[in-house]
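Read the structure below first, then the notes.
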Amino acid sequence: MSTTVTFAGNLAEAPELLYTRENKPFVSCRVLVNRRIQNDQGEWVNDEPTAHNVKVFGCAATHMQDSCGSGDPIFVHGLQSTESWPDKETGEKRTKDVVVVDNRFGEVGISLKYVSARIDRGPHAAQAS
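Our numbering runs 294 ahead of the 1-based position in the sequence shown.
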C-alpha cells in the first residue's frame, strides 16, 4: 500500500538534472514548507520550515530543470517512499523519506499562488507520455 502526499513549498536549491544507470533523467531536490503559527502575543510568525526530499523522474524532471530555480514556489503530488543504504564508514543501515514523482504517478509544478507563469510547449512536449 502506498501513501500519497501533496504539499506546496519552495525549492531549497535549483534543480540539477541527473541520469540513472539506465540513462533516464531525474531531479533530486529538497522542498521547504513554511508554516505560520500564532505566538503567545497573538502575532503570526514563521515557524521552522519542514524539508521534504523529492525525486522527480522522466519528462517532469527535464521540465522542472528547465522551468524552476532556487526559492521558486512549487507544489508536489507523489508517493511517499523510504530509501535505505549502508553507511560507507560504519556499514549501518541509513534511511530517508522521499516523495517520488514519475511518469506513472504524481505531478510537480510551479505554484501560481504568488507568481505568474507562461506555458511554453517546447521540445519536451513531444516526449510526454
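C-beta: ideal position from N, C-alpha, C; glycine also. Please read all numbers here as calculations on a predicted model, not as lab measurements.
Residue environment, residue i, which counts as buried when at least 16 other CB atoms sit within 10 Å
{"i": "I368", "result": "buried"}
{"i": "V339", "result": "exposed"}
{"i": "F351", "result": "buried"}
Span of the beta strand (DSSP E) around residue i
{"i": "C323", "result": "319-327"}
{"i": "F369", "result": "367-380"}
{"i": "V393", "result": "387-395"}
Own chain residues within Cβ distance below 7 Å of residue i, not counting five before or after
{"i": "L311", "result": "P319, V321, A355, T356, Q359"}
Run of the alpha helix (DSSP H) containing residue i, from where it starts to where it stops
{"i": "D360", "result": "353-361"}
Own chain, CB closer than 6 Å to residue i, minus 5 neighbours either side, in chain order
{"i": "K296", "result": "Note that residue 296 is Ser in the sequence shown, not Lys. L373."}
{"i": "D341", "result": "R329, I331"}
Cβ separation of residue i and residue j, assumed to be a contact under 8 Å, to the nearest whole Å
{"i": "V370", "j": "V409", "result": "Actually they do not touch by this definition, with Cβ atoms about 16 Å apart."}
{"i": "S378", "j": "R388", "result": "7 Å"}
Sequence-distant residues of its chain with Cβ nearer than 8 Å to residue i (five each side left out)
{"i": "N493", "result": "Residue numbering for the chain in the displayed model covers 295 to 423; residue 493 lies beyond these limits and cannot be assessed."}
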